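A.B. asks:
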Amino acid sequence: MSTETAEQPVAKVAKAEGLFSKRRRKIVSDPLSDDNPITVQVLGICSALAVTAKLEPTLVMSIAVMFVVVFSNLIVSVIRNLIPSRIRIIVQLGIVASLVVIVDLVLRAYLYEVSKVVGVYVGLIITNCIIMGRLEAFAMGNKPYDSILDGFGSAFGYAWVILVVAFFRELLGSGSLFNFKVFEAIGIDNFPTVGLMTSPVGAFILIGIVIWVQRWRNGYVEHQ
Amino acid sequence: MQQSNGYIIGFAAAMTIILGGLLSVTAVGLKERQKEQIVLETKKQILSAVMSTEGIPKPKLSDIYGERIKSTVVDFDGNEIEGVVPENVKVDKEYKKSPENRQYPVFKYMSESNPDQVEAYILPLYGFGLWNYIWGYAAISSDLNTIYGISFDHVGETPGLGARITEKGVQDRYKGKKIKDESGEIVSVDMIKGEGNPNMDSKPHQVDGMSGATITGKGVNSMLKSYLENYEAYLSKVAKSGGTISASL
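Sequence order for the protein chains is C and W. Residues 1 to 224 in our numbering are what the first sequence spells out, letter by letter. Residues 1 to 249 in our numbering are what the second sequence spells out, letter by letter.
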């Protein structure tokens, strides 16, 4: 139940540890709930507000963030002992920025439609605090395989929260899911859509509710 | 571990070269494919003014485009400009010039049964919505008055509000509306405020608005009106010729 973003390197473990040992499973599962980047660490809120008006761009954003956080964790972890500590932030930023530009270029070449929607926000992944947070707190002090797991855990933790927010925003704001008009499909023609949900204000309210529910369920309390 | 300044500079330089090289290779490698996507996207948008493009794979759209679309470029006075590829005219760049100096591409949608007869004239539009640029294609039937179909796109209108101009339901409201009044003057078609206005079918120069997106609607209106006026000279030339030169002009 640690709330610090700077975790200590995980204690030395015995040799021949299983690929999915208990400790490693915990690396993946912790960020999903107890140490969720959005609801507990309150990182990455900026993009959670910006992209969650519809489910489709949100899903692409989640995948893009996953790609970037996993690979930057891996790369930084591999060269962690070579990185001069005095310029480590700029080195991390350079790696993250390069990966983000690659994602953007690939989207534009192969998923043009989607990149039209999320194009602006993909660039903003660079400033997603979750990624820098994981690099600085985890990848700089842990082995590559653990860092990959940590990347997946954080990315999934981020993804489920923004997908939940996007689900309600699209459902209530546009009356659709993945652009499929659900209310018309079940025979409600004049569903009153909530304009508030399409604006970032709606995302604030929803994230607030998600944080509230999750903290209530986990019995989490802010430290004084 | 404290490293020397030399090591730090060396590391930074090496990192710059490696990352820079990687990015250049990716950018160059994907460039052709990106260009292709943009060309396909433009063709799709042009076609979506006259037909439903949903669910049709892009290569097929490209074939349809090749069969049914004949294009040309005209100037403000309606005269054809030689030696310019219409598909290469950047409407957004032209938009920044004064209307008299722009190049105006015209995409003619040819009849399926008679490939020499124009079914609709597709005219590009460009303007400004609430937050950012909007654009589209308006298809005018061969009577040069009735709107055959229309398509819009945008950069940053509000999702669920102004961004609805990309929805089929909103664009279909323009179908069958008239751009000229009884005296033959271009009056365009206005999207009015509010949604669910009654008797829209009896109003040839108005379409129902989008609730919560009045300013985007205003942007659409002024875009449509100004471009119809810009193409007025060309349209009246086509009308005078009785459509006979329309296939060539």
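All C-beta atoms in this analysis are idealised placements derived from N, C-alpha and C, irrespective of residue type, glycine included. All figures in this text were calculated on a predicted structure; none of them were measured in a lab.
In the structure shown, what three-state DSSP assignment does P84/C receive?
C.D. replies: Reduced to three states, the DSSP call for P84/C is coil.
A.B. asks: Would you kindly work out how many angstroms separate the C-alpha atoms of A53/C and M197/C, rounded to a whole number?
C.D. replies: 8 Å
A.B. asks: In whole angstroms, what separates the C-alpha of R33/W from that of V25/W?
C.D. replies: 14 Å
A.B. asks: Would you mind giving the Cβ-Cβ distance between G94/C and M15/W, rounded to the nearest angstrom? I have them listed as a contact below 8 Å.
C.D. replies: 6 Å
A.B. asks: Output, in chain order, the set of chain A residues within a Cβ distance shorter than 7 Å of Q34/W.
C.D. replies: Judged by its chain identifiers, the structure shown contains no chain A, and its protein chains are C and W.
A.B. asks: Taking C-beta to C-beta, are S149/W and M223/W nearer than 9 Å?
C.D. replies: It is worth fixing the name first, because residue 149/W is Gly in this sequence and not Ser. Taking 9 Å as the Cβ cut-off, G149/W and M223/W do not qualify as a contacting pair.
A.B. asks: Does the CB of S98/C have a neighbour CB from chain W at under 9 Å?
C.D. replies: yes
A.B. asks: Residues in the same chain with beta-carbon distance under 7 Å from V234/C, minus the five sequence neighbours each way, listed in chain order, please.
C.D. replies: The structure shown does not extend to residue 234/C, since chain C spans only 1 to 224, so no value can be given for it.
A.B. asks: Below 8 Å, can you find three or more Cβ-Cβ pairs linking the region 46-60 of chain C to the region 139-149 of chain C?
C.D. replies: no
A.B. asks: Between which two residues does the alpha helix (DSSP H) containing Y227/W stretch?
C.D. replies: For Y227/W, the enclosing alpha helix (DSSP H) stretches over residues T214 to N230.
A.B. asks: Taking beta-carbon pairs under 7 Å, can you tell me which members of the region 158-172 of chain W lie near chain C?
C.D. replies: T158, P159, G160 and L161
A.B. asks: Please identify the residue among S29/C, C129/C, V100/C and D34/C whose C-alpha is closest to the C-alpha of L43/C.
C.D. replies: C129/C
A.B. asks: By how many angstroms is the C-alpha of G151/C removed from the C-alpha of K269/W?
C.D. replies: It is not possible to answer for residue 269/W, since the shown part of chain W is limited to 1 through 249.
A.B. asks: Taking the beta strand (DSSP E) that P198/W belongs to, which residues open and close that run?
C.D. replies: First-last for P198/W: undefined, no H or E at that position.
A.B. asks: Taking DSSP's pairing of strands, which residues face H154/W in a bridge?
C.D. replies: Here H154/W is bridged, per DSSP, to I134/W.
A.B. asks: Residues of chain C with CB closer than 8 Å to the CB of L123/W, please, in chain order.
C.D. replies: Per Cβ cutoff of 8 Å: no residues; L123/W is ~22 Å from chain C at best.
A.B. asks: Give a yes or no on whether 9 Å exceeds the smallest Cβ distance from F152/W to chain C.
C.D. replies: With 9 Å as the cut-off, F152/W does not count as an interface residue toward chain C.
A.B. asks: Against T127/C, what residues of chain W qualify as contacts under a CB-to-CB distance less than 9 Å, listed in chain order?
C.D. replies: Contact note: T127/C does not reach chain W at a C-beta cutoff of 9 Å; the least C-beta distance is about 18 Å.
A.B. asks: Comparing the C-beta of S248/W with each C-beta of chain C, is any distance below 9 Å?
C.D. replies: Since pLDDT at S248/W reaches only 48, below the 50 mark, its modelled position is unreliable, and no value is offered.
A.B. asks: Kindly indicate the opening and closing residues of the alpha helix (DSSP H) around M110/W.
C.D. replies: Not the alpha helix (DSSP H): M110/W falls in the beta strand (DSSP E), residues Y104 to M110.
A.B. asks: Could you tell me which chain W residues have their CB closer than 8 Å to the CB of R86/C, listed as they occur along the chain?
C.D. replies: Q3 and I8
A.B. asks: Measure the C-alpha to C-alpha separation of A247/W and I46/W and round it to an integer number of angstroms.
C.D. replies: With a pLDDT of 47 at A247/W, under the threshold of 50, the predicted position of this residue should be treated as unreliable, though the coordinate-derived value follows. The straight-line gap from Cα to Cα measures roughly 18 Å.
A.B. asks: Can you give me the C-alpha to C-alpha distance between N79/W and S113/W, rounded to a whole angstrom?
C.D. replies: 28 Å
A.B. asks: Under the rule that 16 or more other beta-carbon atoms within 10 Å means buried, what is L19/C, buried or exposed?
C.D. replies: So L19/C ends up on the exposed side.
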